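Visitor:
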Amino acid sequence: MSPQNIRELRIVGFLCNWCSYGGADTAGVGRFVQPTDLRIIRVPCSGRIDPLFIVRAFMNGADGVLVSGCHPRDCHYAEGNFYARRRLEMLKRFLPITGIDNRRFEYTWVSASEGQRWQHVVTEFTRGIHTLGPAPSFNPVSETEWNKLAVQASEGQGCPCHG
Amino acid sequence: MRIGVFICHCGSNIAGTVDCPKVAAKALTYPDVVFSTDTMYACSEPGQDGIIAAVKEQQLDGVVVASCTPRMHEQTFRRAVERAGLNRYMFEMANIREHVSWIGKIMEDNTIKAQELVRMAVEKLRRNRPLIPKRFETVKRVLVIGGGVAGIQAALDCADGGQEVVLIEREQSIGGKMAKLDKTFPTVDCSSCVLGPKMVDIAQHPKITLYACAEVESVGGYVGNFHITIRRKATYVDWNVCNGCGLCLEKCPSHKHPDPFNENLCTAPSINIPFPQAIPKKAAINPQSCLKLTQGKCGICATVCPLKCIDYEQKDELVDVDVGAVIVATGYDLFDWHKYPQYGQGRYPDIITSMQYERLLSASGPTGGQIKRPSDGKEPKNIVFIQCVGSRDRSVDRPYCSGFCCMYTAKQAILTKDHLPDSQSFVFYMDIRSPGKLYDEFTRRAMEEYGAHYVRGRVSMIYPQDDKLLVRGADTLAGTQVEVQADLVVLAVGAEAAAGAAQLGEKLRVCPDQYGFFVESHPKLKPVETNTAGVYLAGACQGPKDIPASVSQGSAAAAKVLGLLSKKELESDPAVARVNQPRCVGCGKCIQTCPFGAIKEVADRFGNPKAEVIDTVCQGCGICTVTCPQGAIQLEHFTDNQILAEVQALCPPKIFANYE
């Protein structure tokens, strides 16, 4: 995918279908203007969110990840968000060990009627990510350099590390 | 795979801030996309026909529609692709209205965002596979929670429609708030004459089982097959025997505790039948005030009871019922006006609520229908009604309008004049809200024919003067301050969510809104459904409502239930978890975590333990998928690969140099 607009950073959202996705819809219906950085992935329940999805997003260069589910005790599937809360809290503490700033990851609870709250959550989170700036790349290599390597490899010279 | 992409303009809703043709053009560059177009209204008949035609002409085997939220039209488009001959799960939606065009103002950013959401949908669709629903049978029985007028109507309609009904009521008698009212607006009908026959119908209907003094203990199961446990609270009277003769009421020596049915205006015996028309007309003991139960002495009711049905040892009883659908009709409670300092916070006995006033007006009330002040029992001359007590007031977190207070205040002003021709009513109001058939005419009558003096303004304070109350407020139309010497002040208290609604909502998995009222599935098109299939709403538990609206919603919920249970079998959602048995190591973690008990342990042909999903029980939450250490159990339609594909569409893998 082409590099994005410079004004925007890459923020991925994982939202449960019943509460938070509905809340984001309510915010849309209410025309609560929000920053456009966030891209939302719909999942049935916050308990469906594997922490590795979030790690994968960060590995692939996401600048922020926002997870939102139903309020605790209010889960459509009775207890999915309790599982989510444990997993995500664990992940939040674990992220610094992998070298990812855990301020880039947030989880929250927004119900289907809380359009205004969703606007607030998105605006605040996006502002926070913009303050942090683009995520540092794990191992940056420019596209031109990569192309050079690819050409070398196709010509049989191999890559520099293996001669 | 051949994918077709349809970008909806939604009139100007999307096209106003998203360049739809550009999004459609970009979509053609995505893998497997062979056809892409923009369309004015994808959900309209020509829009759907266009999708079907394209599927046939282009031999598409997957469709992406970028339009509104899937919570709105996913089913519509799934049916459309099914009509085109595809499996309905070979379809994905990109939400470019609620999540893009309506929240962002910059066209360029919106267009890029829309393109990426379409890309995500395409990547997910490439990994979809056809799914076929299973069918399962339903229990032909309905649970109605709450025996107010909405619940009564719903129960009767369901029973008349041929379904068995279990009606449970928390209080000792059904009837709810309406049973306490004297008259109803705008016809000034006698409330108990309208409601009474319906209550009798409940008691006599062969298909209705009524449990009074009962609450929902726990809820299990799913649409068509709910397992409900009901707690029948101990009444200390054997209701199979009691015939409601009332002898025990007369002889009970402990009769000094406030009577909740009469809004604490008078006292009631510890063994009581709340009102003469009560259904079921059975006595029950109040364990908080009964001398026998609190102190171990007395026992007079047991001696006087001719049928010997008093049982001081009675315990709560749990009853299990299986039902196919649930109607929630738990009603509302009245706002606690003591939060307002300006109304005396209970220091002055002659400031009462509208419901207390209703009991004073009622012929079956504590005064036998004569209006008497609680302080000295005198007939009041000047009566001040204050509207919007706990309605439309942000300072007490009640910004909503309770809707019916304007009308019942007008009714009470009219009834006051009928009872006391020499009296004068004053009504302090903010606005008169009387939309409804014959409603505005009714408030006009209160002013013009019955001489109620309406003052537009709020009351700032009430303080005693001799044996009267001085009500000081503003008249914003005249621009002056007014003072009224009142003998009695009636507060038109607003409605709020019923006590215990939150706990019940948790059990039924029905969401409350910010004020505690239950949220319907769609505010316009699904007003009685909830987000939990098989659970319906009726009456004021969904929001403040007057009697006609509650009754219509009760009937509406009943119609939905009858429609649901008229099908012999229901289709289950095939987006459920599925076990890849060769990968499963039989650790059983999924069995432990599943909230629905939808996974069981089976043995493969070598006797190794394996997990197996019961398709019709699985609700498709996917908790098991994350729990499985092997990735052996996958939630169909939301598999790890599908979600990762969406992640990768947004965050493409980086090119890593390897310089080790």
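Chains A and B are the protein sequences, given in the same order.
All you need for my numbering is the position in the first sequence, starting with 1, plus 35.
All you need for my numbering is the position in the second sequence, starting with 1, plus 1006.
Beta carbons are placed, not taken as given, at the ideal position from N, Cα and C, and that holds for glycine.
As the structure is a computational prediction, the values presented were derived from the model and not from experiment.
Spell out whether any CB of chain B is found under 8 Å from the CB atom of residue 136 of chain A.
Guide: As a position in the first sequence, residue 136 of chain A is number 101, starting the count at 1. Chain B, which has no Cβ nearer than 8 Å to the Cβ of residue 136 of chain A, makes this no.
Visitor: Please name the residue in B/1581, B/1634, B/1555 whose C-alpha comes closest to that of residue 1590 of chain B.
Guide: Walking along the second sequence from the start, residue 1590 of chain B turns up at place 584. Out of B/1581, B/1634, B/1555, B/1634 has the C-alpha closest to the C-alpha of residue 1590 of chain B.
Visitor: Hey, how far is the Cα of residue 1389 of chain B from the Cα of residue 1490 of chain B?
Guide: Position 383 of the second sequence, counted from the first residue, corresponds to residue 1389 of chain B. Position 484 of the second sequence, counted from the first residue, corresponds to residue 1490 of chain B. Roughly 9 Å between the two C-alpha positions.
Visitor: Does the distance from the CB of residue 1377 of chain B to the CB of residue 118 of chain A come in under 8 Å?
Guide: In the second sequence, counting from the first residue as 1, residue 1377 of chain B sits at position 371. In the first sequence, counting from the first residue as 1, residue 118 of chain A sits at position 83. Cβ atoms of residue 1377 of chain B and residue 118 of chain A: not closer than 8 Å.
Visitor: Assuming residue 1496 of chain B and residue 1391 of chain B form a contact by the criterion Cβ under 8 Å, report the distance between their Cβ atoms to the nearest whole angstrom.
Guide: By one-based count along the second sequence, residue 1496 of chain B stands at place 490. By one-based count along the second sequence, residue 1391 of chain B stands at place 385. So it is a contact: roughly 5 Å between Cβ atoms.
Visitor: Is it true that the segment 1339-1350 of chain B meets the segment 1272-1282 of chain B, where meeting means three or more beta-carbon pairs spaced less than 8 Å apart?
Guide: No, the segment 1339-1350 of chain B is not in contact with the segment 1272-1282 of chain B.
Visitor: At 9 Å on the CB atoms, spell out the chain B contacts of residue 115 of chain A, in chain order.
Guide: Along the first sequence, read from residue 1 onward, the residue named residue 115 of chain A stands at position 80. Those within 9 Å of residue 115 of chain A in chain B are 1601, 1627, 1628, 1629.
Visitor: Could you check where the beta strand (DSSP E) with residue 1502 of chain B kicks off and where it finishes?
Guide: Within the second sequence, the letter at position 496 stands for residue 1502 of chain B. Its beta strand (DSSP E) spans residues 1501-1503.
Visitor: Answer with buried or exposed for residue 1471 of chain B, where buried requires no fewer than 16 other C-beta atoms within 10 angstroms of its C-beta.
Guide: The residue you call residue 1471 of chain B lines up with position 465 of the second sequence. The residue in question, residue 1471 of chain B, is exposed, as its Cβ has fewer than 16 Cβ neighbours within 10 Å.
Visitor: Output, in chain order, the set of chain A residues within a Cβ distance shorter than 7 Å of residue 1537 of chain B.
Guide: Taking the second sequence and counting its residues from 1, one reaches residue 1537 of chain B at position 531. Those are 53, 111, listed as they occur along chain A.
Visitor: So, does the CB of residue 158 of chain A fall closer than 8 Å to a CB anywhere in chain B?
Guide: The residue you call residue 158 of chain A lines up with position 123 of the first sequence. Closer than 8 Å: no.
Visitor: At what residue ranges does the segment 1402-1432 of chain B contain a whole run of the alpha helix (DSSP H), taking only runs of 4 or more?
Guide: Taking only runs of at least 4 residues, the alpha helix (DSSP H) segments lying wholly in the segment 1402-1432 of chain B are 1411-1425.
Visitor: Using 8 Å as the limit for Cβ to Cβ distance, is residue 78 of chain A near chain B?
Guide: Against the first sequence, residue 78 of chain A aligns to sequence position 43. Yes, residue 78 of chain A lies at the interface with chain B (some Cβ there is under 8 Å from its Cβ).
Visitor: Label residue 1400 of chain B either buried or exposed according to how many other C-beta atoms from any shown protein chain fall within 10 Å of its C-beta, with 16 as the threshold for buried.
Guide: Residue mapping note: residue 1400 of chain B aligns to position 394 of the second sequence, counting from 1. Per the 10 Å Cβ criterion, exposed.
Visitor: Does the beta carbon of residue 1232 of chain B come closer than 8 Å to any beta carbon on chain A?
Guide: Your numbering for residue 1232 of chain B matches position 226 in the second sequence. Cβ-Cβ to chain A under 8 Å: no for residue 1232 of chain B.
Visitor: Can you list, in chain order, the residues of its chain whose CB lies under 6 Å from that of residue 48 of chain A, leaving out five sequence neighbours each side?
Guide: As a working note, residue 48 of chain A is residue 13 in the first sequence. So the list reads 73, 75, 101, once near-sequence residues are dropped.
Visitor: Return yes when the Cβ of residue 82 of chain A is within less than 8 Å of the Cβ of residue 115 of chain A, no when it is not.
Guide: By 1-based counting over the first sequence, the position of residue 115 of chain A is 80. By 1-based counting over the first sequence, the position of residue 82 of chain A is 47. Contact flag set, yes.
Visitor: Please go through the same chain and pick out, in chain order, the residues whose beta-carbon is closer than 6 Å to the beta-carbon of residue 1539 of chain B, but skip the five residues on each side of it.
Guide: Here residue 1539 of chain B refers to the residue found at position 533 when the second sequence is read from its first residue. Cβ within range, chain order: 1229.
Visitor: From the DSSP output, in three-state form, read off residue 1391 of chain B for me.
Guide: The count along the second sequence starts at 1 and reaches residue 1391 of chain B at position 385. Three-state result, residue 1391 of chain B: strand.
Visitor: Which first and last residues belong to the alpha helix (DSSP H) in which residue 1325 of chain B is found?
Guide: Locating residue 1325 of chain B in the second sequence gives position 319, counting from the first residue. Not the alpha helix (DSSP H): residue 1325 of chain B falls in the beta strand (DSSP E), residues 1323-1329.
Visitor: Look at the Cβ atom of residue 1292 of chain B, then the Cβ atom of residue 1261 of chain B, and state whether they are nearer than 8 Å.
Guide: Against the second sequence, residue 1292 of chain B aligns to sequence position 286. Against the second sequence, residue 1261 of chain B aligns to sequence position 255. Taking 8 Å as the Cβ cut-off, residue 1292 of chain B and residue 1261 of chain B do not qualify as a contacting pair.
Visitor: Apart from the five residues just before and just after residue 1327 of chain B, which ones in its own chain have a Cβ nearer than 6 Å to its Cβ?
Guide: Your numbering for residue 1327 of chain B matches position 321 in the second sequence. The residues are 1172, 1234.
Visitor: Is it buried or exposed, residue 129 of chain A, if we count other Cβ atoms within 10 angstroms and call 16 or more buried?
Guide: The sequence position of residue 129 of chain A within the first sequence is 94, counting from 1. Burial call: exposed.
Visitor: For a test of the three-state rule: what should DSSP assign to residue 68 of chain A, helix, strand or coil?
Guide: In the first sequence, the residue the question calls residue 68 of chain A occupies position 33. Looking at residue 68 of chain A - three-state DSSP - the assignment turns out to be coil, as it is neither helix nor strand.
Visitor: Provide the residue span of the alpha helix (DSSP H) that contains residue 153 of chain A, from first to last.
Guide: What you label residue 153 of chain A is simply residue 118 of the first sequence in a count that begins at 1. Residues 150-167.
Visitor: What did DSSP end up calling residue 1190 of chain B once you bin it into helix, strand or coil?
Guide: One-based indexing of the second sequence puts residue 1190 of chain B at position 184. Three-state DSSP puts residue 1190 of chain B in a strand.
Visitor: On a Cα-Cα basis, can you pick out the residue from B/1469, B/1043, B/1079, B/1128 that is closest to residue 1651 of chain B?
Guide: Translated into positions along the second sequence, residue 1651 of chain B becomes position 645. Looking at the Cα atoms, B/1128 is the closest of the given residues.
Visitor: Under 8 Å between C-beta atoms, does residue 57 of chain A make it to chain B?
Guide: Your numbering for residue 57 of chain A matches position 22 in the first sequence. Interface residue, yes.
Visitor: For residue 1474 of chain B and residue 1387 of chain B, I'd like the C-alpha separation in whole angstroms.
Guide: The count along the second sequence starts at 1 and reaches residue 1474 of chain B at position 468. The count along the second sequence starts at 1 and reaches residue 1387 of chain B at position 381. Cα to Cα, the separation comes out at about 10 Å.
Visitor: Could you work out which residue in A/42, A/167, A/144, A/165 is closest to residue 156 of chain A when comparing CA atoms only?
Guide: Along the first sequence, read from residue 1 onward, the residue named residue 156 of chain A stands at position 121. Considering only alpha carbons, the answer is A/144.
Visitor: Which of the three DSSP states, helix, strand or coil, is assigned to residue 55 of chain A?
Guide: The residue labelled residue 55 of chain A in the question sits at position 20 within the first sequence. It is helical.
Visitor: Starting from residue 94 of chain A, trace the alpha helix (DSSP H) in both directions and tell me its first and last residue.
Guide: As a position in the first sequence, residue 94 of chain A is number 59, starting the count at 1. Note, residue 94 of chain A: alpha helix (DSSP H), 86-94.
Visitor: Round the Cβ separation of residue 1413 of chain B and residue 1456 of chain B to the nearest angstrom and send it over; I've been treating them as touching at under 8 Å.
Guide: Locating residue 1413 of chain B in the second sequence gives position 407, where the first residue counts as 1. Locating residue 1456 of chain B in the second sequence gives position 450, where the first residue counts as 1. Not quite, the Cβ-Cβ distance comes to about 14 Å (not below 8 Å), so this is no contact.
Visitor: Mapping DSSP to helix, strand and coil, what is residue 1646 of chain B?
Guide: The residue given as residue 1646 of chain B occupies position 640 in the second sequence. Looking at residue 1646 of chain B - three-state DSSP - the assignment turns out to be helix.
Visitor: Name, going along the chain, the residues of the segment 1128-1140 of chain B whose beta-carbon falls closer than 7 Å to a beta-carbon of chain D.
Guide: Looking for chain D here will not work: the only protein chains present are A and B.
Visitor: Who are the neighbours of residue 1652 of chain B on chain A, taking C-beta pairs under 7 Å?
Guide: The residue you call residue 1652 of chain B lines up with position 646 of the second sequence. Neighbours of residue 1652 of chain B on chain A, chain order: 76.
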